[in-house]
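Residue numbers (the numbering used here), protein chains in the order written: chain L, 125 to 399; chain C, 3 to 225; chain G, 7 to 493. Note that the Cβ used here is the ideal one computed from N, Cα and C, for glycine as well.
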Amino acid sequence: MTDLFYDAAPNATRVAPERPKPRHYPDKPAEVILFGTCVMDLFFPEAGLDAIRLLEREGLKVHYPQAQSCCGQPAWTSGYVDEALEVARAQLALLDNGLPVVVPSGSCAGMFRQHYREVFADEPDTLKRVESLAERTFELTEFLLHVCKVQWQDLGPPTQIALHTSCSARREMNTHLHARELLAGLDNVERLDHDHESECCGFGGTFSVRMPEVSGAMVLDKTRSLRESGAAEMVTADGGCLLNINGSLAKQKQAFRGRHLASFLWERVSGEVRS
Amino acid sequence: MSARSNILNKLRAGLAGTTPRPDEFDEGLVTRPWQYAPEDRITRLRSLMEAVQTEVHQLPAAQWPEKVLALLQERGLNNLLYAPGTAHGQVLVNYWQQAGAKPELLAYDRPVDDWKEELFWRVQASVTSTVGGIAATGSLALWPDRHEPRLMSLLPPLHIALLNASEIEDNLYTMMQKQNWSAGMPTNLLLVSGPSKTADIEQVLAYGAHGPKELVVLILEDR
Amino acid sequence: MNQRIPVTELSDTFRGRAKEALADDQLRTNFRVAMDSLMQKRADAFPDEEEREGLRELGNRIKARALSRLPDLLEQLEAKLTENGVNVHWAETTAEANRIVHSIIESKQGSQVVKGKSMVSEEMEMNDYLAERDIECLESDMGEYIVQLDGEKPSHIIMPAIHKNRYQVSKLFHDKLGVEETDDVNKLIRIGRETLRQKFMEADVGVSGVNFAIAETGTLLLVENEGNGRMSTTAPPVHVAVTGIEKVVENLRDVVPLVSLLTRSALGQPITTYVNMISGPRKPDELDGPEEVHLVLLDNGRTGAFADAQMRQTLNCIRCGACMNHCPVYTRVGGHTYGEVYPGPIGKIVTPHMVGLKQVPDHPSASSLCGACGDVCPVKIPIPELLQRLRQENVKSPAEQPKVKDGGAKYSARERAVWRFWRTLNTRPGLYRLFLWGATRFGKLTPKNLGPWTENHTAPVPARRSLHDLAKAHLARAESQHTGGQS
């Protein structure tokens, strides 16, 4: 349905936005920016580095602006709009140079692509720059698959894995499809489904500390279904979920672990074996 | 200030400076996925209704009174509520007389208040007309009126409905347009899609909640 | 099973009630099984994604159009219904609505009321109000009847007794109705049928809700499977319908997609057993149907939600329950944890306008914002977006004038200061890198106990070197190799 009509009054009755059209992907660029995300920065830096290695392997020059920090999502989802706005503004300034931005975390990529519009809703001039950033933002698996069009040779031994996708990454970035397709391209990797695969792991940022009992019940169910899938390990393209799932597994004293998809992919295509 | 004006004033204040949204009703969305070749309509209606435990029979129009009698006899029922002021009510009475049928015919010819107890507890079956069927959802449309009151399709444990094969439409939208419902609605217009049911305990489906336990549809080949 | 805690004795916070619910294995199993089945049924009812999405968009636009003309449509509805012989009443509060219903019953010297399923009457707590005035108000929907018999509230808007299994119902019927215990669901339903049929016959007044009120024709449309709605609106001499002001739609044809969305989203049914369209009382020459029909239009906070264009979208809701069926939080804690009439995601966004955020301060935060609710909403209410908005209103200071009833319920100067610090840290690159340096260097000193986080997780230990650090070193190396190769 096309919007035949637009009522610009601030109190006009709203309709749902049109469904996004399938994304048109550009040719592979020469240079990209990696936005590392705050969770990866502190807790999974090696995975961030693996993301850089994967991009370099495709012949790209990677920039990692040292002034980057956080996309602003934690404050935004907690209702602290002013704080989110200033942090977002700082990142926007940093990413304003027209280069594609690759993010190894679907929910942060979704923040750039979807939610900055809401964050800067009252600043028409900023919104133009926000649209440009949204256009240039790619989640890592999406970028490797559709922009780099990777064709990999799987150098790793046969293995079975489970894939977890963050909810916002799935909804806002289709990361589940991209990650599945990348994994399907690896000959020795079998992806096993797990029970209630699309259900939230219970992280939800501050939700996990505001409602620890409910969040805990969710991650307990998630880790159980991951373990019961028969997979050797879990991979995910989202740092928040990884922190949640691995932290819970460690608390339960389970040997099963998850890791970032970037690290898993790097091992498969580089042949590098880490213990 | 009355509640009415307070409510309306608050709503109007909320809409200040705005224009009403246009009518973007797209009838294709409610008709296109629900279109069938004429010969498939009956098949679809049957299969959907049978899936919710409705008994469906297809028969030449003239044979329905005989079928009604057979349905009662199969079940050992000994009365039938009917609408004496309707054409099909008269056909039924005539057949009953000719055939010397045993089950007692109960005419719905007086206000419910005069015989509530009997209607609620004694009546075992009823037969009513319909104003058509809907293939898309497996539904009957009932248009009760003074001759064929509302409770006839609700109180008896067995409800037998007569449906003309030629009056089965593809979908609800087509039916309401063809019959121009919006020009004048009856006191009560009903879509019925099976015997009454509930899944309120453990989602286990049980038929015969508060309305009929059994619904039998007789599709009359009238062409 | 016997450890179940009566609603009246539940803890008074969401977290407290959630804890109790999570500890009840029977309850958790009942919900998980039921919600899994409802999700599957919905999925099966919408086999064609394109068709489903087109219909959701249409549903969204029909509701938006109705809301954009809501005051006019309410007046049109009133005029049409009046023309059809229906008495229309308006109530700003639930107390007013109760008074209206009571005065109707009183004018008929009524003492027995049967009620079809109505969430608005739950908002009004009509049963209690009438009981205090010596009027028996009996629920007739099987699930509602079970819940009422046990002195509980519904735990789901479509399946009120979903938290109970057959053994619990059997025990209840045995205790309250003196019947033999049975694990046969059909027998249990038959007991309900026989008991309630007598009540339908005797009732002085029937009360029902409304799914859609059609302005064009002056018609009240109700969907149901059991026939209790038809009974309540047909058998007693007086029918009183109660509904929220947002239920009005413009045209009869508008209900075609809305009914389809409702029944398929709620229970995965192509249509309910009955679609009951009522356009007036018994006409002089008709033989049954109520002699009087009344409609009570209730505000109860809806005009407050309406005043805000973003929150107005909550009034799109057609009460299908799909959001709760798909909610990982609801599935685990059940409906009673929400402590209010409307549970689940929709409850979180409609309740604050009715009772104020102070009464439900934790509602907005009790979500991981996973978005499953918004994905399945048949009228495309952006539930996660509205939850985020409520979080904003919830942490505002009084000076910031929250725009939602009793906003600022979670305002805390201390928490605000923490986020200010977070902002400073994340907007000053030098400071941020200093923080990284400290965190990575002293990561091993992370305390084992980090409050709520370490209830479910081990404490996360920062890596020895940050990504900032690793990337800088790596990229410098790559750069030097690159330039080295060139020279």
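Handout entry: Secondary structure, alpha helix (DSSP H): runs of 4+ residues fully inside the region 293-323 of chain G
Key = 308-312
Exercise for the section: Starting from the Cα of Y173 of chain G, find the closest Cα among C:P158, C:L157, C:E204 and give me that residue. Expected result: C:E204
Practice task
Starting from the beta carbon of N280 of chain G, find every residue of chain C whose beta carbon is closer than 8 Å, and list them in chain order.
Solution key: Looking at the sequence shown, residue 280 of chain G is not Asn but Tyr. Per Cβ cutoff of 8 Å: L192, L193, V194, S195, S198, G213.
Problem - Short Cβ contact (7 Å threshold) for L79 of chain C with Q126 of chain C - result: yes
Problem - the region 36-51 of chain G contacting the region 324-341 of chain G, beta-carbon criterion three pairs below 8 Å - result: yes
Practice task
Compare the C-beta of A109 of chain C against all C-beta atoms of chain G and say whether one is closer than 7 Å.
Solution key: no
Problem - Option nearest L307 of chain L by Cα separation, candidates L:Q275, L:V186, L:L209 - result: L:Q275
Practice task
Could you please give the first and the last residue of the uninterrupted alpha helix (DSSP H) stretch that includes C329 of chain G?
Solution key: 328-331
Practice task
Verify the CB distance criterion: does S193 of chain L have a CB-CB separation below 7 Å to chain G?
Solution key: yes
Practice task
Tell me, please, whether the CB atom of A477 of chain G is closer than 7 Å to any CB atom in chain L?
Solution key: yes
Exercise for the section: State buried or exposed for P287 of chain G, treating a residue as buried only when at least 16 other CB atoms are found within 10 Å of its CB. Expected result: buried
Problem - Sequence-distant residues of the same chain with beta carbon closer than 8 Å to P197 of chain C, five excluded per side - result: V54, Q55, T56, H161, Y209, G210, G213, P214, K215, E216, L217
Problem - Short CB-CB distance (under 7 Å) between D116 of chain C and chain G - result: no
Practice task
Establish whether the CB of N298 of chain L and some CB of chain C are separated by less than 7 Å.
Solution key: no
Exercise for the section: State yes or no: is the beta carbon of P435 of chain G nearer than 7 Å to at least one beta carbon in chain L? Expected result: yes
Problem - Of the residues C:L107, C:G16, C:L61, C:V194, the one placed nearest A133 of chain L, counting alpha carbons only - result: C:G16
Practice task
Rounded to whole angstroms, what's the CA-CA distance from P24 of chain C to Q316 of chain G? Just pull it up for me.
Solution key: 19 Å
Practice task
Quick one: grab the DSSP three-state call for Q275 of chain G.
Solution key: coil
Handout entry: Cβ shell of P158 of chain C (< 8 Å), same chain only, five flanking positions each side left out
Key = L83, V125, Q126, A127, S128, P214
Exercise for the section: Would you kindly report the start and end of the unbroken beta strand (DSSP E) that includes Q60 of chain C? Expected result: 56-62
Handout entry: K86 of chain G to D42 of chain C span [Cα, whole Å]
Key = 39 Å
Practice task
Just list the beta strand (DSSP E) runs in the region 215-247 of chain L, keeping only unbroken ones of 3 residues or longer that don't cross its boundaries, in chain order.
Solution key: 225-227
Problem - Assigned secondary structure, A137 of chain C (DSSP; H/G/I helix, E/B strand, else coil) - result: coil
Handout entry: C-beta contact flag for G354 of chain L and M297 of chain L at 7 Å
Key = no
Handout entry: Which residues DSSP lists as bridging E223 of chain C, in chain order
Key = C:P62
Practice task
Starting from W425 of chain G, find everything on chain L with Cβ-Cβ shorter than 8 Å and list it in chain order.
Solution key: A199, S202, Y204, E207
Problem - CB contact flag (T446 of chain G, V467 of chain G, <7 Å) - result: no
Exercise for the section: May I ask you to verify whether the region 104-115 of chain G touches the region 68-76 of chain G, counting CB pairs closer than 8 Å and requiring at least 3? Expected result: no
Practice task
Closer than 7 Å by beta-carbon distance: list the chain C residues that pair up with G322 of chain G, in chain order.
Solution key: Residue identity check: residue 322 of chain G is Asn in the sequence provided, not Gly. Residues of chain C passing the Cβ test: none, with the nearest at roughly 12 Å.
Handout entry: Contact with chain C by N133 of chain G, beta-carbon distance below 7 Å
Key = no
Problem - Within chain L, partners of T464 of chain G - CB distance below 7 Å - result: G371, A374, K375
Problem - Residues of the region 307-334 of chain G with Cβ closer than 9 Å to any Cβ of chain C, in chain order - result: R308, T309, G310, F312, A313, D314, A315, R318
Exercise for the section: Say whether chain G places a C-beta atom closer than 7 Å to the C-beta of A140 of chain L. Expected result: yes
Practice task
Answer with yes or no whether the minimum CB distance from S271 of chain G to chain L is below 7 Å.
Solution key: no
Exercise for the section: Run the CB neighbour count on P336 of chain L, radius 10 Å, all protein chains shown included, and call it buried at 16 or more, exposed below. Expected result: buried
Handout entry: Bridge partner(s) assigned by DSSP for N93 of chain G
Key = G:H300
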